[in-house]
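Residue numbers (this note's numbering), protein chains in the order written: chain A, 1 to 208; chain B, 209 to 416; chain C, 417 to 624; chain D, 625 to 832. The beta carbon of each residue, even a glycine, is placed where N, CA and C say it ideally should be. Please read these numbers as outputs of a predicted model, since none were measured by experiment.
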DNA sequence: GATGAATGAGCGTTCATTCAT
DNA sequence: TATGAATGAACGCTCATTCAT
């Protein structure tokens, strides 16, 4: 792309493919942003095409359907998210450190892929029961199991308070973190890290 | 309705009006449920009509538009919600007690009007910038100010930890609570009160 | 209506019928005005009801349909219009005088029943071919025949110019007159009579 | 269209664009005809689509709304109409000749674009007050001013009778001419020119 | 007579998607 | 790949009309 092509030769296959990948990635980014801000049902294929500078029909050269775009957005988010959480668990830190890592990684994702996070948070409920999106619930469950194992270990080892309902605590913590995608804006006074630390302080020690 | 009508006399105007109010209320309940579960954009007027056993056109005798239904649902929720929070603040309890009350009342609303809560949570972002729904942001702000005053008072009086960012803490707490509408099911093992107590324990004392 | 009714007795049948006739007449007047200004297709039964201070359903106690209202408006206009023209022809004036009378009566109708004139002018074309409105074309034809007889007699007797196409002249004159309902406003500087005289001057002597 | 394409080559972009323009033009022609015969309010988008052999939704690839079609029809008619009248005034003929030209051009338009004329005549009253159609009244006014200037000049120079009210005479003449679109059928015994001459004779010299 | 809720057909319009070019 | 025209289903909504009260 930055290398001059001499003699007006037609673009190489390499370049074409790069363009194609770019176009596809750009379409996904636009779709994710619109799905995140207007909702999936509230976003039209024309919206995506307009914002991408192409015509609606052209989108179907890259994706088989609007639903397909949602599918790719969710897979591209959930797969590395799960892998990241798995990797943390595999590292075998003590529960307090493991939980801190899970939380910090979550906040990192909110900065890294805010639109995907927002789409996941807003739409995953609506997708329950749709065969093509079963994997969303599967990932959610496997992620939940990782967190629950860490929390349980912490309670067993006595580092977390014994009187808390682990499952309920997890749900409160999970929603607290992911919901912050709706109000956290990078570039403001709060860095992603400081939000994570703020949350850790609150979650570990409470208000009192 | 519970009083027997002697002699088979036709229902009085009272009864007719009750029917009308009932129908309207039933339509609102159906709409709220569908908006909550499928999203506002994902719900069609036909969906509401079908589930209510009438024809789509008949809805327009009771509401001027689909948007009007959303409007009524949100107003009917936000107005008493705000009033309830205001009343708590007016009672002048110490900050810890006041916050406990705010939290317990919030969880009570989730049981009382889960669909309205879910609609408020899911749709209020999309409504920003729509003149007809400015009041939603207004109420949200006024509610936020009540919570922030209580939290600030608690920090000033030394009962809440001084190192927390009040605004950020509020946002975490708020989202934690309202998001539970997505997973809490009354009638299960957890009563509404026990969820509130669980949350209070977590929020006040933390995991450690 | 102005006579006090003693003892709270219910209104007599006479009064009731008068009310009924009034209501019907008022509905017709409102309908005619709306049909004239918005067109028949562009006027809703609700428009008529709103402007009459009743509910749409109540109109059907007085008229069997919206079309029925149009029917009554046109009949109430066309029948006396035709009778008036017939009477003029029957008077046996010389053609110039007869034509003057036809023209003056036409302008009188525009003041007397401007809405009916406008409805007749705007809608009669659309009604061609509708069995229920055949009488409109019938009246139009019979009226045309009266005018043509007068014009032909005038040409035969030498008072009207021999080189004019009688039929075409009639159509020009007819449309000129009836169209003035769209711009003539009684109460302004021009009286109905002066418009008629202006037209007579133009039609009889021309611009030159 | 008249040039043979050798070798069965597929149509070039030129042809595609021509198709597009054709389709749009054909839709406009159909819409104008239906608006003229059934009225704008009395014509459905489905009517236009049916008569054009396409589906209702396809119309929206060419026009943004039904109202847009009316807008294009009126603009495409009024703009050249006004330009034609302007050009006549610019030629600086004596008033009698100028008026003759205005009248002859008007009748030519009735043959050239009868549907647009009929739509203009029937609907322009209903459009008053609609911001998007202000230009219709603007054009009408500017056209009226041209005619009034010619008539006034004729009266000043003594060629037109001094006792006529110029404005009223204009309105009678205008409506006479445009209304003929409702009855004049080209291809019959009367040519467009002969109708114009008939009208000129009547308007200039009168019946007597 | 009037009401108000309901009907069922149809309105203008939008949508995701297809496909010849 | 991109285009632009088309599709067919569905959308939110309006309409004339009905009818029990």
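Rounded C-alpha distance that separates residue i from residue j
{"i": "residue 333/B", "j": "residue 37/A", "result": "8 Å"}
{"i": "residue 395/B", "j": "residue 240/B", "result": "20 Å"}
{"i": "residue 772/D", "j": "residue 497/C", "result": "33 Å"}
{"i": "residue 683/D", "j": "residue 689/D", "result": "8 Å"}
{"i": "residue 591/C", "j": "residue 468/C", "result": "32 Å"}
{"i": "residue 179/A", "j": "residue 380/B", "result": "8 Å"}
{"i": "residue 556/C", "j": "residue 537/C", "result": "11 Å"}
{"i": "residue 581/C", "j": "residue 822/D", "result": "7 Å"}
{"i": "residue 375/B", "j": "residue 292/B", "result": "21 Å"}
{"i": "residue 201/A", "j": "residue 411/B", "result": "11 Å"}
{"i": "residue 402/B", "j": "residue 30/A", "result": "43 Å"}
Min CB distance residue i to chain C below 9 Å
{"i": "residue 739/D", "result": "no"}
{"i": "residue 789/D", "result": "yes"}
{"i": "residue 721/D", "result": "no"}
{"i": "residue 771/D", "result": "no"}
{"i": "residue 819/D", "result": "yes"}
{"i": "residue 803/D", "result": "yes"}
{"i": "residue 678/D", "result": "no"}
{"i": "residue 762/D", "result": "no"}
Cβ of residue i within 9 Å of any chain B Cβ
{"i": "residue 161/A", "result": "yes"}
{"i": "residue 58/A", "result": "no"}
{"i": "residue 41/A", "result": "yes"}
{"i": "residue 109/A", "result": "no"}
{"i": "residue 122/A", "result": "yes"}
{"i": "residue 176/A", "result": "yes"}
Residues near residue i by beta carbon distance below 6 Å, same chain, minus five either side
{"i": "residue 400/B", "result": "315, 319"}
{"i": "residue 190/A", "result": "none"}
{"i": "residue 214/B", "result": "In this prediction, residue 214/B scores a pLDDT of 40, lower than 50, which makes its location untrustworthy; the coordinate-derived value is nonetheless stated afterwards. Contacts found: none."}
{"i": "residue 451/C", "result": "459, 535"}
{"i": "residue 784/D", "result": "778"}
Buried versus exposed, by CB contacts within 10 Å (16 or more), residue i
{"i": "residue 672/D", "result": "buried"}
{"i": "residue 786/D", "result": "exposed"}
{"i": "residue 832/D", "result": "exposed"}
{"i": "residue 531/C", "result": "buried"}
{"i": "residue 703/D", "result": "exposed"}
{"i": "residue 756/D", "result": "exposed"}
{"i": "residue 270/B", "result": "buried"}
{"i": "residue 151/A", "result": "buried"}
{"i": "residue 502/C", "result": "exposed"}
{"i": "residue 169/A", "result": "buried"}
{"i": "residue 57/A", "result": "exposed"}
Within-9 Å CB hit, residue i to chain A
{"i": "residue 409/B", "result": "yes"}
{"i": "residue 351/B", "result": "no"}
{"i": "residue 376/B", "result": "yes"}
Spatial neighbours of residue i in its chain, beta-carbon cut-off 7 Å, leaving aside the 5 residues before and after
{"i": "residue 884/D", "result": "Outside the shown range of chain D, which is 625 to 832, sits residue 884/D, and nothing can be said about it."}
{"i": "residue 185/A", "result": "none"}
{"i": "residue 88/A", "result": "98, 101, 102, 105"}
{"i": "residue 752/D", "result": "761"}
{"i": "residue 350/B", "result": "290"}
{"i": "residue 529/C", "result": "493"}
{"i": "residue 389/B", "result": "318, 322, 325, 326, 329"}
Beta carbon proximity, residue i to chain D, threshold 9 Å
{"i": "residue 464/C", "result": "no"}
{"i": "residue 572/C", "result": "no"}
{"i": "residue 622/C", "result": "yes"}
{"i": "residue 598/C", "result": "yes"}
{"i": "residue 588/C", "result": "yes"}
Close-in-space but distant-in-sequence residues of the same chain around residue i (CB under 8 Å, 5 per side omitted)
{"i": "residue 301/B", "result": "309"}
{"i": "residue 28/A", "result": "69, 72, 73, 76"}
{"i": "residue 210/A", "result": "Given a span of 1 to 208 for chain A in the structure shown, any question on residue 210/A remains unanswerable."}
{"i": "residue 691/D", "result": "756"}
* Looking at C-beta atoms only, is the number of pairs between the segment 646 to 655 of chain D and the segment 545 to 556 of chain C that lie closer than 8 Å three or more? -> Segments in contact, no.
* Examine the Cβ distances between the segment 278 to 285 of chain B and the segment 359 to 379 of chain B and report whether three or more of them are shorter than 8 Å. => Output reads no: the segment 359 to 379 of chain B does not touch the segment 278 to 285 of chain B.
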